[in-house]
Amino acid sequence: MGLALDLAATAGRDGDVPVGAVVVSPAGDVVGEGRNLREVLGDPTAHAEVVALRAAAATLGSWRLSGCTLVVTLEPCTMCAGAAVLARLDRIVYGAADPKAGAAGSLFDVVRDRRLNHRPEVVPGVLPDRCGALLLEFFGTHRAPR
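First residue of the sequence shown? That's 0 in numbering that gives the first Met the number 0, and the numbers climb one at a time after it.
As structure tokens, this is what we get:
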């Protein structure tokens, strides 16, 4: 989670929502990393998780990331949760819950939907205060007060 937090901080400095993600192999090696790049790339799909999954697939030479773990600072949204399921990840570890858009148990529970053919294990709440603090600081300075 430490590396994901570093990536999130970089995203925030670049004007993007501070979310960072890494994909860890079964051996414990980081095989993919990502941070939100939506503003940088002008790409609505450039969420930290998707960037990290793409990097991991390139590193491993396969879209099947069986045995791998996605570590992300914020609970994945519906798009990212779906991508994690389709990538066949074994687990998703996240820091801060996202009650407004989270799809790993908060608002939706895409990753544990029994209708899907794959259901990764979910480990929520790893360093949630540190992960949440980055988001609170970012939105405190990037959104006009109401």
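Don't be surprised by glycine CBs; every beta carbon is placed ideally from N, CA and C.
As assigned by DSSP and simplified to three states, the class of residue i
i, result
"G131", "helix"
"E74", "coil"
"H141", "helix"
"D97", "coil"
Residue(s) in a DSSP beta bridge with residue i
i, result
"G11", "DSSP output for G11 lists no bridge partner at all."
"L69", "V22, I91"
"D108", "A103"
CA nearest to the CA of residue i, picked from the options
i, options, result
"A82", "S105, V29, P98, T44", "T44"
Start-to-end residues for the beta strand (DSSP E) that takes in residue i
i, result
"R34", "29-34"
"V122", "120-122"
Span of the alpha helix (DSSP H), counted from its first residue to its last, around residue i
i, result
"T58", "47-59"
"R37", "37-40"
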